[in-house]
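Okay, so here's the structure we're looking at.
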Amino acid sequence: MSTTTTEAVRVERPTSRVETFLGRHAAMIPTFAAVIILIVLLAGAEAFLRGDFITARNLSALLLDNAYLLILAVGMTFVILTAGIDLSVGSVMAFTGILGAQLLVSGQPVWVAVPAMLAGGAAIGLLIGVLVQYFNVQPFIASLAGLFLARGLAFVVSLSSIRVEEPAVLWLQQTRFRLGDWYLTPTGIIALLTVAVAAFVLHLTRFGRTVYAIGGNEQSARLMGLDVARTKVAAYVISGFCGGLAGLALTAYSGAGYPRNGIGTELDAIAAVVIGGTLLTGGRGYVLGSLIGVLVFGTIKTIISFMGAEQSWMQIIVGALLLLFIVVQRVIVSRSERRR
Amino acid sequence: MTHIWKHRLFWPLAALITLIVVNSVARPRFLSITMRDGQLYGALIDILRGSAPLMLVALGMTIVIATRGIDLSVGAIMAVSGAVALTVIDGSNDPSNLGTVLVAIAVAVLVALVLGVWNGFLVAVLGIQPIIATLVLMLAGRGVALLITGGFITTVNSDPFSYIASGYLTVLPFAFFISVAAIVALGVVERRTALGVLTEAVGINPEASRLAGVRSRGIVWGAYMLSGVLAGVAGIIYASNIKAADANATGLFIELYAILAVVLGGTSLAGGKFSIAGTVIGVLIIQTLDSTILFLGVPSAQSPVFFALVVVLVVVVQSPRMRRVIGSMTRRRSRPEPDPDPERDRERTGVAA
Chain D
1 MSTTTTEAVR VERPTSRVET FLGRHAAMIP TFAAVIILIV LLAGAEAFLR GDFITARNLS
61 ALLLDNAYLL ILAVGMTFVI LTAGIDLSVG SVMAFTGILG AQLLVSGQPV WVAVPAMLAG
121 GAAIGLLIGV LVQYFNVQPF IASLAGLFLA RGLAFVVSLS SIRVEEPAVL WLQQTRFRLG
181 DWYLTPTGII ALLTVAVAAF VLHLTRFGRT VYAIGGNEQS ARLMGLDVAR TKVAAYVISG
241 FCGGLAGLAL TAYSGAGYPR NGIGTELDAI AAVVIGGTLL TGGRGYVLGS LIGVLVFGTI
301 KTIISFMGAE QSWMQIIVGA LLLLFIVVQR VIVSRSERRR
Chain A
341 MTHIWKHRLF WPLAALITLI VVNSVARPRF LSITMRDGQL YGALIDILRG SAPLMLVALG
401 MTIVIATRGI DLSVGAIMAV SGAVALTVID GSNDPSNLGT VLVAIAVAVL VALVLGVWNG
461 FLVAVLGIQP IIATLVLMLA GRGVALLITG GFITTVNSDP FSYIASGYLT VLPFAFFISV
521 AAIVALGVVE RRTALGVLTE AVGINPEASR LAGVRSRGIV WGAYMLSGVL AGVAGIIYAS
581 NIKAADANAT GLFIELYAIL AVVLGGTSLA GGKFSIAGTV IGVLIIQTLD STILFLGVPS
641 AQSPVFFALV VVLVVVVQSP RMRRVIGSMT RRRSRPEPDP DPERDRERTG VAA
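Those protein sequence lines, which keep their order, are chains D and A.
Everything in the first sequence is counted per my numbering, starting at 1 for the first residue and increasing by one.
Everything in the second sequence is counted per my numbering, starting at 341 for the first residue and increasing by one.
In structure tokens form, the structure reads like this:
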């Protein structure tokens, strides 16, 4: 009897150590998986395509082309961590972009136009946050109202696209800080700074811990005396603000404001956040994971255009990846529920 | 009198009647219906005809929402179904043949059914959150539709096919009869059998209804299949109306309008009790509002602002906080009542809204 027990323990020890590791770091597994997928994608592209995929220029362009999406994904991470969702970000980006372009064309200086863009985004975020927190509206519906409002307002500002010739805005896109073949644009720096600030706020401040606590269990967070109401509203304001910032990045990138920009971009941002390992049920995830998610998204896009395939594959592949990650998340959640 | 006041369809119906009254005052021709060649024409007829795709999608959405779910993929399913139907017709030798069109419709609806089965599988069997599960198809569906049409906008010239959206059956548009058939069929199946009650039971408390012996998995799965099929038919009507399959534009934002119609009709997004009549009224409100906005000379691209205001107004009026404020105003002179239980309050919001 005793011998069998010791044997069983000896056999089980390696597995149980793995189990403990997985149990303790369950929240990080999806993000690790995203990193692995990113590496596989890059290596696969390098091996099967022309062999000149991993170049400094391509990787630099990856950040440049997806700077706006990265900024949106950072804002979305805050909202999803509080177990909410923000469908409005793509429309907010279009609205603030066209608003900024219109202000610049009508002769306003940059230091009026850019703060107006950011404030416009934050205001729509505030509206959504107040509806969610104080009127008990589901985040889905509240941000749906935000989507309609921002999209409609974009067309109220202008029905057609407006070219931007303001040097300060174009500078954001055209300047290249070079290091050998690598380069960074100011838009890329803004995006990376957004990630850095968000990571700092989420992991090292009281506000960030409250965000995680709300996503984990809102009721408990409230009973612990955390300021749930203000934090939740703030998460949507941050997402709206990021929408405004993304509007700036996209306006600089395309050199124009266009009211039809960003239709469906909210889905790309959600997909990037989920691929980056943030649980849609809230409380678990990392803003650095969202960075990885955006890079995965951008890499797939680049590979598809390298292969000369149709961009419609993009939607199908991202959909399939999303499904894969959701199923992985589902397994993780049900495992941790079983342990409780 | 209080019975009328408290009926859950009172507010949606009042909103619809107000809209119609405002319209007929602003433009007297709104209510006029003219008879030409034995067919009726007029703004109201246009509303009935134009509302058909949204009506079908919203009916499916009502049942899905009643099971505590949501189906974001309806727009994508519409795009796929339209693409399939037009590709079949386009590929045949005789696009004007009635048989070809019927086959195309059957194939398209079958594909839509498969997509509905897929959604239902993710939600009912794998237990994934409905928003997320249907998001997958919402993302991938349009890509599939683009692949089917080869990235182009397929156009066809087929009289039997365009009849679906623009033809008249006796005096009224054929599309209107499709809506009516769907409303009646759904009403009979859900309200004359136990299915409606079982659906509500699953939505109110999935665990309790499962323990009570309700086969919740099948009911939830069926709801998504129904939503898929109805979206497929809606996609065919849409494609028939523009005589083309445009994978990017078909059913864009329709999931949002459908959800709005369901909410306007008084079905709570929290699941449970649903009202088919409410959804019908909700769809008519949206379509009338759309027609009003067009009449006001507002570019249709700007109309989302109005819908945003409507959504905000409706959700704020429905919210427990607002109800408490209104309640305390009307009850000020009567004896003070204890603070209403939030749980009951939420339930009431769902029922009375």
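Even glycine gets a Cβ: it sits at the ideal position worked out from N, Cα and C.
All of these numbers come straight from a predicted model, not from anything done at the bench.
Helix, strand or coil at residue i [DSSP, three-state]
i: F325(D); result: helix
i: T489(A); result: coil
i: R557(A); result: helix
i: T358(A); result: helix
i: I162(D); result: strand
i: Y508(A); result: strand
i: P435(A); result: coil
i: P639(A); result: coil
i: T632(A); result: helix
i: P352(A); result: helix
i: A320(D); result: helix
i: G483(A); result: helix
CA-to-CA distance, residue j to residue i, given in whole angstroms
i: K342(D); j: D386(A); result: Within the shown structure, residues of chain D are numbered from 1 to 340, placing residue 342(D) beyond reach of any answer.
i: V362(A); j: T619(A); result: 22 Å
i: R10(D); j: G409(A); result: The predicted model places R10(D) with a pLDDT of 49, which falls under 50 and marks its position as unreliable, so this point remains unresolved.
i: T5(D); j: R17(D); result: Reliability fails at T5(D), whose pLDDT of 47 lies under 50, so the model's placement of it is uncertain and the value that follows must be treated cautiously. Answer to the nearest angstrom: the Cα atoms are 18 Å apart.
i: D268(D); j: L69(D); result: 8 Å
i: A574(A); j: L509(A); result: 18 Å
i: S334(D); j: V443(A); result: 44 Å
i: A548(A); j: L538(A); result: 12 Å
i: R330(D); j: N58(D); result: 34 Å
i: S220(D); j: V228(D); result: 10 Å
i: T210(D); j: T281(D); result: 16 Å
i: I80(D); j: S372(A); result: 50 Å
i: I357(A); j: A73(D); result: 43 Å
i: Q206(D); j: Q173(D); result: Inspection of the sequence shows that residue 206(D) is occupied by Arg rather than by Gln. So the alpha carbons of these two residues sit roughly 35 Å apart.
i: L353(A); j: G483(A); result: 39 Å
i: H203(D); j: I303(D); result: 34 Å
i: A101(D); j: F501(A); result: 44 Å
i: L321(D); j: I300(D); result: 11 Å
i: A154(D); j: G244(D); result: 12 Å
i: T187(D); j: S631(A); result: 42 Å
i: T374(A); j: L629(A); result: 22 Å
i: P639(A); j: P546(A); result: 44 Å
i: T590(A); j: I270(D); result: 22 Å
i: A213(D); j: R664(A); result: 29 Å
i: I39(D); j: A249(D); result: 27 Å
i: E687(A); j: V542(A); result: Low confidence applies to E687(A): its pLDDT is 42, below 50, so where it sits in the model is not reliable, and the reading given next is rough at best. Rounded to whole angstroms, E687(A) to V542(A) spans 15 Å at the Cα level.
i: A366(A); j: I332(D); result: 59 Å
Whether residue i touches residue j by CB criterion (8 Å)
i: A521(A); j: A505(A); result: no
i: I468(A); j: L477(A); result: no
i: F647(A); j: L600(A); result: yes
i: I162(D); j: G257(D); result: yes
i: A571(A); j: A452(A); result: yes
i: C242(D); j: I85(D); result: no
i: G121(D); j: G240(D); result: yes
i: G481(A); j: I417(A); result: yes
i: V169(D); j: L104(D); result: yes
i: L475(A); j: S312(D); result: no
i: F78(D); j: A235(D); result: yes
The ligand ZN heavy atom lying under 7 Å from the CB of residue i
i: V620(A); result: As far as ligands go, the structure on display features none, and thus does not contain the ligand ZN.
Problem set entry | Ranges of the alpha helix (DSSP H) found wholly within the region 395-432 of chain A, counting only runs of at least 4 | 414-431
For this session: Quick one: which unbroken alpha helix (DSSP H) runs of 4-plus residues sit fully inside the region 77-149 of chain D? Chain order, please.
Result: The region 77-149 of chain D is shown to contain whole alpha helix (DSSP H) runs of 4 or more residues at 89-105, 110-134, in chain order.
Exercise. Where in the region 568-630 of chain A do unbroken runs of the alpha helix (DSSP H), each at least 4 residues long, occur, reported from the N-terminal end onward?
Worked result: If we require 4 residues or more, the alpha helix (DSSP H) runs fully inside the region 568-630 of chain A come out as 594-604.
Exercise. Is the region 561-568 of chain A close to the region 404-422 of chain A, with three or more CB pairs under 8 Å?
Worked result: yes
Exercise. What are the start and end residues of each continuous alpha helix (DSSP H) run of 4 or more residues lying completely inside the region 171-255 of chain D, in chain order?
Worked result: 186-204, 206-216, 218-223, 228-254
Exercise. Which runs of the alpha helix (DSSP H), 4 residues or longer, sit entirely within the region 361-401 of chain A?
Worked result: 383-390
For this session: Assess, as a yes-or-no matter, whether the region 176-183 of chain D is touched by the region 191-204 of chain D under the definition of 3 or more beta carbon pairs within less than 8 Å.
Result: no
Exercise. Is there contact between the region 657-671 of chain A and the region 125-143 of chain D, where contact requires at least three CB pairs shorter than 8 Å?
Worked result: With the rule of 3 Cβ pairs closer than 8 Å, the region 657-671 of chain A counts as touching the region 125-143 of chain D.
For this session: Decide yes or no for the touch test of the region 109-121 of chain D against the region 290-303 of chain D: beta carbon pairs closer than 8 Å, at least 3 of them.
Result: no
For this session: Would you be able to state if there are at least three C-beta pairs under 8 Å between the region 606-624 of chain A and the region 495-502 of chain A?
Result: no
Exercise. Should the region 373-383 of chain A be called in touch with the region 550-559 of chain A, which here means at least 3 C-beta pairs below 8 Å?
Worked result: no
Problem set entry | Three-pair Cβ contact test at 8 Å for the region 421-440 of chain A versus the region 42-55 of chain D | no
Exercise. Do the region 32-45 of chain D and the region 284-294 of chain D make contact, defined as three or more Cβ pairs closer than 8 Å?
Worked result: yes
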